[in-house]
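Everything below concerns the one structure shown next.
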Amino acid sequence: MKPSKIPLWYLTLTLADLRAAWADENSTFQNPILSGFHPDPSCVFVPDLDDTFFCVTSSFLTFPGLPIHASRDLVNWKHVSNAFSRPDQLPGLAFLPRATSGIYAPTLRYRRGSFYLFSTLVNQALPRVNDSRWDNFLLTTSDPYSSDAWSDPVHFSFPGFDPSPFWDDDGSTWVSGAHTAAYYPGIMHAPLDFETGEIGDIVMPWNGTGGASPEAPHIWKRDGWYYLLLAEGGTRENHMVTMARSRSLAGPYEPAPGNPLLTAANDTSSYFQAVGHADLFQDRAGRWWASALAARAGGSYGEDPGPYFGNLPMGRETVLTPVTWEEGQFPVFAPVAGNMSGWPLPAKSLVGQGEGQLNDADDSFTFPPESSLPIHFVHWRLPRSRNYRISPPGRPNTLALKSSMLNLTAFDADFALGRGQTFVGRRMSHSLFRYSVDVDWASALTREEMEVGVSALQDQAQHVDLGIVMLRSGGEGRVLKPHLRFRGHSETPYRGRSHIETNIMEVPAGWEGMRITLRIEAVNSTHFEFSAGLAGEKGPTDLRVLGHCRGADLVPYYSGMYEGCLARVGLFVCNES
């Protein structure tokens with residue numbers, strides 16, 4: 155849930171220039187503007203397309219990826235396309251082993267009728283000194299409202315990540331990026347041909363202010379200065395935004411005297427933490443705004459033992475804050491809060507184009523014939539398309555799942571024997587929610603350990619499942635019967651393994667052969683409840699609670715949670731809401 159009041163540290167802000175600028179005409183909005191796991195935002199304003207703002211965010215191991223959201227009022231954001239929607243655009247995503255691998259921080263820019271999107275496909279299993287760890291690429295389109303319109307990638311050899319394009323006054327085109335190898339951490343610039351991917355000599359202009367992991371560079375040229383914006387401090391409690399400027403693109407760069415320009419590191423009690431990784435853009439009136447990532451930590455960041463054990467299942471989300479940027483000066487960011495006051499907002503107006511829905515919209519799907527999966531539904535790594543079928547013959551208004559050989563704990567697509575992992579779900583986008591799936595399972599569960607269910611998934615090392623599964627029970631005969639099984643896997647290198655108690659019960663008498671509702675519900679801000687009941691037109695009846703887990707068991711700091719359907723060794727059909 156969004157906070158109801160502005161934290162005290164925001165009310166006592168003493169930046170007189172900001173107050174003066176906002177004194178005459180204020181507007182308010184709420185953060186986050188993109189709820190759920192939407193980290194590393196990059197945004198642009200495009201007057202050519204009805205004064206519309208566009209943002210892209212990271213997608214890591216989910217497919218489709220690189221979601222594009224659009225807004226005309228900076229408040230209502232519609233998911234209009236996915237820049238990565240075809241498996242053959244980036245087939246390597248199928249084989250990446252870790253949840254921290256995948257598609258890293260993109261940068262979105264618009265120039266002369268075309269959108270340019272730069273990003274990196276990262277393999278965290280490879281050492282940082284191995285340049286094949288970083289697969290840098292760019293995508294283009296003239297129609298951001300269509301997933302199919304995004305191009306195949308142009309790959310370029312660049313020994314780092316977080317690429318960002320820059321067009322200089324002389325017509326030259328550049329890419330900036332980050333590298334964190336011990337022997338040359340910092341920011342890189344290189345000339346780059348955006349059509350061929352041919353890259354020139356790399357220069358190292360600035361290593362930041364000394365914070366860990368200088369990354370996410372963006373460049374603007376104003377008043378004869380090159381301004382270089384960075385993220386530093388890592389993406390957790392010490393995350394921050396810094397800036398430097400130079401008269402030459404190659405440097406040397408002069409750090410802003412007010413660095414860090416934006417952070418929450420000095421107030422661990424504030425609701426929003428890990429604030430950083432910003433991008434800057436203007437509106438039609440020329441006023442400046444910044445998008446950034448933040449985690450709704452609710453103050454838990456400041457508690458021992460810190461963010462590695464915190465309760466933040468939404469992961470890192472996209473927030474917005476107003477910025478003043480006077481001529482010849484460094485920009486001044488307003489601190490991030492839940493209820494924000496700042497520049498006048500554009501008049502309320504909803505985006506009509508595009509393929510998806512508003513970011514915070516509720517879902518209720520019955521999968522009508524000849525429809526497609528909604529574009530905000532995601533798979534874990536690349537899916538096998540034959541494992542998902544909408545309204546198969548004789549089963550209208552259902553989604554049929556052909557199961558994978560292994561469960562969600564499989565390491566990668568190779569470990570799943572080339573068959574992928576059958577999972578389809580969506581990002582958790584509300585602190586309190588109820589996610590339900592009606593499952594028609596009886597004719598498909600025929601062998602031991604066949605299973606269909608729902609999962610609260612962060613990655614293969616952190617997920618909690620409730621399934622209908624065939625198990626043997628009873629005395630010597632050991633009869634094969636359907637059971638309800640609640641179990642979880644929660645393990646990280648720094649925290650070890652959390653204990654989630656498994657609960658197994660036979661499907662109750664009278665339920666066999668009937669549709670069953672499986673439900674995940676956030677019952678409060680820290681705990682999730684898993685239950686099952688008989689499916690009905692007005693909701694489930696005879697609901698049984700099978701287990702609970704904590705938000706901290708799923709997402710301790712980095713990624714975000716997904717709720718979805720899983721299937722293992724069988725064929726099942728379901729409806730989702």
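Just add 154 to wherever you are in the sequence shown, counting from 1, and you've got my numbering. Glycine is no exception: its CB is placed at the ideal position from the N, C-alpha and C atoms.
Under the DSSP definition of a beta bridge, Gly701 partners with Phe684. In the pairwise beta carbon analysis, the region 608-622 is classified as touching the region 664-682: at least three pairs are separated by under 8 Å. At a Cβ-Cβ threshold of 8 Å, Cys719 and Val591 count as neighbours. Contact annotation: the region 402-419 touches the region 355-363, with at least three C-beta pairs closer than 8 Å. Around the beta carbon of Arg581, 16 or more other beta carbons lie within 10 angstroms, which makes this residue buried.
In this chain, Phe312 is not harboured by any beta strand (DSSP E), its DSSP state being neither H nor E.
Annotated as distal: Arg263 and Pro345, with beta-carbon spacing of 8 Å or more. Using a Cβ distance threshold of 8 Å, Val606 and Val593 count as a contacting pair. Closest option to Met559, judged by alpha-carbon separation, among Arg601, Ser400 and Thr182: Arg601. For the 8 Å CB-CB criterion, Ile658 and Ala689 do not form a contact. Shown here for Gly405: same chain residues with a beta carbon closer than 7 Å to its own, the five before and five after excluded, namely Pro359 and Trp360 in chain order.
For the pair of segments examined, the region 510-520 was found not to touch the region 430-449: the number of CB pairs separated by less than 8 Å stays below three.
With a contact defined as Cβ atoms closer than 8 Å, Gly331 and Gly714 miss out at about 24 Å. Of all C-beta pairs linking the region 272-291 to the region 246-261, three or more are shorter than 8 Å, placing the two stretches in contact. Shown here for Arg265: same chain residues with a beta carbon closer than 8 Å to its own, the five before and five after excluded, namely Trp321 in chain order.
In terms of CA proximity to His372, Thr396 leads the group Gly354, Thr396 and Asp355.
For Gly219, the CB contacts under 7 Å within the same chain, skipping 5 residues up- and downstream, are Ser213, Asn236, Phe238 and Ile257 in chain order. Taking a 10 Å sphere around the C-beta of Thr417, we find 16 or more other C-beta atoms and assign the residue as buried.
DSSP places Lys232 in the uninterrupted beta strand (DSSP E) bounded by Lys232 to Phe238.
By the criterion of a C-beta distance shorter than 8 Å, Asp377 is surrounded in its chain by Glu481 and Gly482, once the five residues flanking it on both sides are discounted. In the three-state DSSP reduction, Arg540 falls in the helix class (H, G or I). For Asp433, the uninterrupted beta strand (DSSP E) run begins and ends at Phe426 to Gln436, by DSSP. By the Cβ neighbour-count rule, Ser326 is exposed, with fewer than 16 other Cβ atoms within 10 Å of its own. Check the Cα spacing between Ala428 and each of Ala449, Ile222 and Val329: the tightest is with Ala449.
Inter-residue distance for Ser181 and Tyr380 is about 31 Å (C-alpha atoms, whole angstroms).
Counting along the chain, Asn290 sits inside the beta strand (DSSP E) bounded by residues Trp288 to Thr295.
Secondary structure of Ala706 (DSSP, three-state): helix. Distance from the Cα of Pro298 is smallest, within the candidate group Ala366, Cys197 and Leu382, for Cys197. By the Cβ rule, the region 495-512 counts as touching the region 219-232, because three or more pairs are nearer than 8 Å.
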